[in-house]
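Chains as they are written, first to last, in the numbering used here: chain A, 3 to 240; chain B, 3 to 240.
2 protein chains.
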Amino acid sequence: MNVLIVHAHNEPQSFNTALKDTAVTELERGGHEVKVSDLYAMNWNPVASGADFGSRANPDYLVYALEQRHNYEAGTIADDIREEIEKVRWCDLLILNFPIYWFSEPAILKGWIDRVMISGVFYGGKRIYDRGGMRGKRAMVTFTLGGREHMFGPDAIHGEIESMLRPLLQGTLAYCGFDLLPPFVGYHVPYISPEGRAQILADYRQRLNTVERLQPLRFSSMDDFDDRLMPKREAQVL
Amino acid sequence: MNVLIVHAHNEPQSFNTALKDTAVTELERGGHEVKVSDLYAMNWNPVASGADFGSRANPDYLVYALEQRHNYEAGTIADDIREEIEKVRWCDLLILNFPIYWFSEPAILKGWIDRVMISGVFYGGKRIYDRGGMRGKRAMVTFTLGGREHMFGPDAIHGEIESMLRPLLQGTLAYCGFDLLPPFVGYHVPYISPEGRAQILADYRQRLNTVERLQPLRFSSMDDFDDRLMPKREAQVL
Chain A
3 MNVLIVHAHN
13 EPQSFNTALK
23 DTAVTELERG
33 GHEVKVSDLY
43 AMNWNPVASG
53 ADFGSRANPD
63 YLVYALEQRH
73 NYEAGTIADD
83 IREEIEKVRW
93 CDLLILNFPI
103 YWFSEPAILK
113 GWIDRVMISG
123 VFYGGKRIYD
133 RGGMRGKRAM
143 VTFTLGGREH
153 MFGPDAIHGE
163 IESMLRPLLQ
173 GTLAYCGFDL
183 LPPFVGYHVP
193 YISPEGRAQI
203 LADYRQRLNT
213 VERLQPLRFS
223 SMDDFDDRLM
233 PKREAQVL
Chain B
3 MNVLIVHAHN
13 EPQSFNTALK
23 DTAVTELERG
33 GHEVKVSDLY
43 AMNWNPVASG
53 ADFGSRANPD
63 YLVYALEQRH
73 NYEAGTIADD
83 IREEIEKVRW
93 CDLLILNFPI
103 YWFSEPAILK
113 GWIDRVMISG
123 VFYGGKRIYD
133 RGGMRGKRAM
143 VTFTLGGREH
153 MFGPDAIHGE
163 IESMLRPLLQ
173 GTLAYCGFDL
183 LPPFVGYHVP
193 YISPEGRAQI
203 LADYRQRLNT
213 VERLQPLRFS
223 SMDDFDDRLM
233 PKREAQVL
C-alpha cells in the first residue's frame, strides 16, 4: 500500500509524534511506502481564503468551494494545496495523527481538511458516502487525549467518542467515500506510566499490521436515499 | 448585555456576514453593547504553537494547555490571545457566527477556540460543564450551510445536526459552562431566493430579541458524576 500520514502535533518529542514515527517504521517494515505531511514542520497555512486561488471563476464574490474546483481544474490552485491533493490521490491509506483539542482535531489539521479536500476530487453533487470521490481508499484516525476511557460511552460524562468525532469520521472521511477503519485511541496520555505508553505503542503496531484486512465502519449508503437525499420509502419503514 | 460576536467568513458580501451585521444592528437597537471579532479581517492566526508564549513553564517540552495557563498568569501570553480572552470575560453573551465547513467551524475559528479558550479561565480540573469557568454567561452558534433541513434528523442521510455539532456545542461551549442556547441555522443558503434569505434574517431578528429569556439546552451536570468523573450510582440506575 501507499500510505499518507498527516501529522499535527506542536511538540516533536510528544507521545503523539512517537505514534506517527511508530507507524512509519512499522508500515515500511511491512513493505508499504509511506509519506508524511508533518503540518507543524511544514508551517502549514490552515486559513481557507481567496489567497489560495491564482484565478477566479467569480472575482467579485468568493464562494470558496466553487473556486477550489475551478482553480484545481485550471491549474491555478496554491502549490501547497496541490501537493497535498496529489499525495492523497497517490495513497491507498490515509492516516490522520493528532492530539484531541476540544473533542476534535487541532486547527492546523482542520485547515488541511478545509483547503485540501476539494469539491470535484473528494466529493461533489451526489458523489458522497459510498459514491464519494475517495472510494476504494482506506482511512484511519489515530489520536491521543487526556481523558480516560470511562469518560466516554453511552452513560459517560462526555458521551460516546465515535459520536463526539462524527464531524471528522462521518462528515468528512466517510462523506468522501473513504473506507473508514475504527479509530486508534491513546487515552490519558499525559498521565500514564512509561509502561502504559509502551503498551499503547505495542497495540498500535498490532493495529497497523491489520489495516489491510480490518472491516471498515458502516455509514450512510446512497442506495438508501433518493435524488433529493430523502430516505427512500423502504428505508423509512425500517 | 455585553455581546461578543466572533465571525469567520472569507467573503464580506456573504449572507453569513449579513447575519453578523443583522445581529450587531438588532442587539444595539435592543440596548446591548456589541463587540465583533471578525477573524478574517483581523488576519487571525489559528495555529496553536510555542510562538504564543513569551515565557515557558517547561522550555524543553511543549504542553500547550499548561503553557496557556502559565503564560496567562505570568502576563506573557501573545497579545492577540489576551485581547480575545478579555473580550470573552467582558461579555454576557458569546455568539459564534460561521459557515459550516465539513460539519464544523472553519479552521480560523477552530484556532480561535484552540488558542483563546485557555485552561484556568475557561475550564480546569473539575471546573467543567455546570461548574465550568464560563458559567453565568450565555452562548449561541449561528451558522449557514448548503444542505437542506431534510438532510438532518434521526433517519436523515447526515444524522442529527445537534449530534454533528457536538464537539462544538457540548465538547467546547457547554464544557466551559456557558448556558448554550439552541443553534440558529440558515439552511440551503447558496441556493435560496432573495425572499428566502430575507425570511431567515427576519427569523434571526426575532431570535435575537429572545436570547435573554430562551431556555438553554441541557448537557451533563457534574452533580451526576463522582470525583473520577464516573457516573454516580443513582445516575447509572436511571
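For every residue, glycine included, the Cβ atom is placed at its ideal position computed from N, Cα and C.
Which whole-angstrom value is the C-beta distance of residue i and residue j, which I expect to be below 8 Å?
{"i": "B:Y213", "j": "B:R140", "result": "It is worth fixing the name first, because residue 213 of chain B is Val in this sequence and not Tyr. Contact flag correct, Cβ pair sits at about 7 Å."}
Is residue i helix, strand or coil when you go by DSSP?
{"i": "B:K128", "result": "coil"}
{"i": "B:M146", "result": "Reading the sequence as shown, one finds Thr at residue 146 of chain B and not Met. Reduced to three states, the DSSP call for B:T146 is strand."}
{"i": "B:G134", "result": "coil"}
{"i": "A:D116", "result": "helix"}
{"i": "A:Y103", "result": "strand"}
{"i": "A:P196", "result": "helix"}
{"i": "A:G179", "result": "coil"}
{"i": "B:S165", "result": "helix"}
{"i": "B:I159", "result": "coil"}
{"i": "B:R140", "result": "strand"}
{"i": "B:G173", "result": "helix"}
{"i": "A:V191", "result": "helix"}
{"i": "B:L6", "result": "strand"}
{"i": "B:L96", "result": "strand"}
{"i": "A:Q238", "result": "Any reading at A:Q238 must be qualified, since the residue scores a pLDDT of 49, below 50, and its modelled position is unreliable; the value itself is stated next. It is helical."}
Output yes if chain B places a C-beta closer than 9 Å to the C-beta of residue i; else output no.
{"i": "A:Y131", "result": "yes"}
{"i": "A:A109", "result": "yes"}
{"i": "A:E13", "result": "yes"}
{"i": "A:M166", "result": "yes"}
{"i": "A:F145", "result": "no"}
{"i": "A:H34", "result": "no"}
{"i": "A:V26", "result": "no"}
{"i": "A:M153", "result": "yes"}
{"i": "A:I115", "result": "yes"}
{"i": "A:V65", "result": "yes"}
{"i": "A:F180", "result": "no"}
{"i": "A:A141", "result": "no"}
{"i": "A:T212", "result": "no"}
{"i": "A:F227", "result": "yes"}
{"i": "A:L219", "result": "no"}
{"i": "A:R58", "result": "no"}
{"i": "A:R199", "result": "no"}
{"i": "A:P1", "result": "An answer regarding residue 1 of chain A cannot be provided, because it is not within the stretch 3 to 240 covered by chain A."}
{"i": "A:Y189", "result": "no"}
{"i": "A:F244", "result": "No answer is possible for residue 244 of chain A: the residues shown for chain A start at 3 and end at 240."}
{"i": "A:G135", "result": "no"}
Of all the CB atoms in chain A, is at least one closer than 9 Å to the CB of residue i?
{"i": "B:H160", "result": "yes"}
{"i": "B:I97", "result": "no"}
{"i": "B:R71", "result": "no"}
{"i": "B:A20", "result": "no"}
{"i": "B:V49", "result": "yes"}
{"i": "B:S195", "result": "no"}
{"i": "B:G173", "result": "yes"}
{"i": "B:P169", "result": "yes"}
{"i": "B:S39", "result": "no"}
{"i": "B:Q42", "result": "One point to set straight first is that residue 42 of chain B is Tyr, not Gln, in the sequence displayed. Yes, its Cβ sits closer than 9 Å to a Cβ of chain A."}
So, is residue i buried or exposed, given that buried needs 16 or more other C-beta atoms within 10 angstroms?
{"i": "A:P61", "result": "exposed"}
{"i": "A:G198", "result": "exposed"}
{"i": "B:A43", "result": "exposed"}
{"i": "B:Q157", "result": "One point to set straight first is that residue 157 of chain B is Asp, not Gln, in the sequence displayed. With fewer than 16 Cβ atoms within 10 Å of its Cβ, B:D157 is classed as exposed."}
{"i": "A:T27", "result": "exposed"}
{"i": "B:S195", "result": "exposed"}
{"i": "A:R127", "result": "A small correction: the amino acid at residue 127 of chain A is Gly; Arg does not occupy that position in the sequence shown. Result: exposed."}
{"i": "B:R137", "result": "exposed"}
{"i": "B:L64", "result": "buried"}
{"i": "B:L111", "result": "buried"}
{"i": "A:D228", "result": "exposed"}
{"i": "B:W114", "result": "buried"}
Just to check, is the beta-carbon of residue i closer than 8 Å to a non-hydrogen atom of the ligand ZN?
{"i": "A:D157", "result": "Of the ligands one can find in the structure shown there are none, so the ligand ZN has no counterpart to examine."}
Whole beta strand (DSSP E) runs in the region 10 to 92 of chain A with 3 or more residues, listed along the chain? Counting only runs of 3 or more, we get 35 to 40.
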